[in-house]
Amino acid sequence: GYELRPEGGRSPLESATEWVTTTCPKCGGDAMRDTDTMDTFVDSSWYYLRYASADDHTQAFDVERVRRWLPVDEYVGGVEHAILHLLYSRFFTKVLNDMGMLDFSEPFLRLTNQGQVIMDGASMSKTKGNLVNLQEEIGKYGADAVRLTMLFAGPPEEDIDWADVSPTGSVKWLSRVWRVASDIGAAGKDSDPTTGDPEIRAAVHKLIADATTQTDAHRFNVAIARLMELTSLLRRSVDADALSSPAGAAAVREGAGALARMLSIFAPFAAEEIWELLGNEPSVVHAGWPTADPALLVEDTVTCIVQVAGKLRDKFDG
Numbered sequence: 008g009y010e011l012r013p014e015g016g017r018s019p020l021e022s023a024t025e026w027v028t029t030t031c032p033k034c035g036g037d038a039m040r041d042t043d044t045m046d047t048f049v050d051s052s053w054y055y056l057r058y059a060s061a062d063d064h065t066q067a068f069d070v071e072r073v074r075r076w077l078p079v080d081e082y083v084g085g086v087e088h089a090i091l092h093l094l095y096s097r098f099f100t101k102v103l104n105d106m107g108m109l110d111f112s113e114p115f116l117r118l119t120n121q122g123q124v125i126m127d128g129a130s131m132s133k134t135k136g137n138l139v140n141l142q143e144e145i146g147k148y149g150a151d152a153v154r155l156t157m158l159f160a161g162p163p164e165e166d167i168d169w170a171d172v173s174p175t176g177s178v179k180w181l182s183r184v185w186r187v188a189s190d191i192g193a194a195g196k197d198s199d200p201t202t203g204d205p206e207i208r209a210a211v212h213k214l215i216a217d218a219t220t221q222t223d224a225h226r227f228n229v230a231i232a233r234l235m236e237l238t239s240l241l242r243r244s245v246d247a248d249a250l251s252s253p254a255g256a257a258a259v260r261e262g263a264g265a266l267a268r269m270l271s272i273f274a275p276f277a278a279e280e281i282w283e284l285l286g287n288e289p290s291v292v293h294a295g296w297p298t299a300d301p302a303l304l305v306e307d308t309v310t311c312i313v314q315v316a317g318k319l320r321d322k323f324d325g
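Each residue of the sequence shown is one higher than the one before, starting from 8 at the first, in the numbering used here.
Structure, rendered in structure tokens:
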């Protein structure tokens, strides 16, 4: 008989040397049979457990470290994973849970099936002749603009037809952000945000709150739309001479800093330059995501709608 317990990270089948050593059926020379006979899914079905203690060579995974880090918070993959990797991973996890090796039975807490970037209504392929050269697009528009275009085109689970979009719009928006940041940066940087104009600050913090909510929900297209609204708010404020007063300047500077910080996860190169343009020390990534002040999110007034027989007759704020 043969020892079927793996040793030294080698397949037990390797111990059957008489079987392993053979003759090549084509050339007649010495040959060895492949002893790695298991499907690759046997490995990939539990790799997430191994990540927690990849430095441990004495066991499959360290139970304590797995308890600390797992289960996985977010799984991002194509829809085809539902009948392949996800199915096998869940099976392995449930078996290990039944064996008492894991204290959870579901490996992934949240699933996002991302869509594809297609062209002319079909998946890109050399055969169809509808390939888009990514390097050419980046060379023409810049990596930030190309990334923004894909994120702004729609929710991540939907396909994007590159024939229907263009990075030109993203380039124009980033240029607007750059110009307003230049104007604000040139006005100086010493200001206390809490002394800022309350109306501007309230509008800024509401956009921060909504952008945060949308980003957490992976609605990146909506989050970017809120950043565009923030850009417009800053532009209007600057054009209305907000920088001429300490309160206006403080509020506008706070908004510009928040814009750069939020932009950094969507357009990191531009955000870094804009952050420095505002007079801040690099890097914007160390500044973190801005937090909305709950006190500034409270509405002082509400809009009341008057309807008669289902038709709008009037509305007033109170």
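No residue lacks a Cβ here, since even glycine has one placed at the ideal position from N, Cα and C.
Measuring CB to CB, does residue i end up less than 9 Å from residue j?
i	j	result
L116	E164	no
L237	L284	no
M157	L138	no
N287	G264	yes
P114	V70	no
N140	A89	no
L187	L241	Going by the sequence as given, residue 187 is Val instead of Leu. Going by C-beta atoms, V187 is nearer than 9 Å to L241.
G203	G255	yes
W53	S18	no
D41	T28	no
R260	V291	no
D151	L181	yes
S244	I207	yes
D166	G122	yes
P253	S198	yes
L56	V73	yes
L303	F273	no
A278	T219	no
Between which two residues does the alpha helix (DSSP H) holding residue i run?
i	result
V27	24 to 27
F323	Not the alpha helix (DSSP H): F323 falls in the beta strand (DSSP E), residues 318 to 324.
T238	227 to 246
K133	Counting along the chain, K133 falls outside any alpha helix (DSSP H), and DSSP gives it neither H nor E.
Quick one: using the 10 Å Cβ neighbour count with 16 as the cut-off for buried, is residue i buried or exposed?
i	result
Y148	buried
T308	exposed
T173	Looking at the sequence provided, one finds Ser at residue 173 rather than Thr. Classification for S173: exposed.
I312	exposed
V83	exposed
V153	buried
H293	exposed
S189	exposed
P297	buried
V315	exposed
G85	exposed
G295	exposed
L282	According to the sequence shown, residue 282 is Trp rather than Leu. Result: buried.
L319	exposed
V305	exposed
Go to residue i, then tell me how far its beta strand (DSSP E) extends in each direction, as first and last residue.
i	result
L368	No answer is possible for residue 368: the residues shown for the chain start at 8 and end at 325.
M39	37 to 39
Completely contained beta strand (DSSP E) runs for the segment 51 to 115, where each covers 3 or more residues: Complete beta strand (DSSP E) runs here, min 3: 82 to 84.
Return the chain-ordered ranges of every alpha helix (DSSP H) run that is complete within the segment 155 to 238 and spans a minimum of 4 residues. Within the segment 155 to 238, the complete alpha helix (DSSP H) segments of 4 residues or longer fall at 175 to 192, 205 to 223, listed in chain order.
Which whole runs of the alpha helix (DSSP H) in the segment 250 to 321 are 4 residues long or more, in chain order? DSSP runs (the alpha helix (DSSP H)) wholly in the segment 250 to 321: 253 to 270, 275 to 284.
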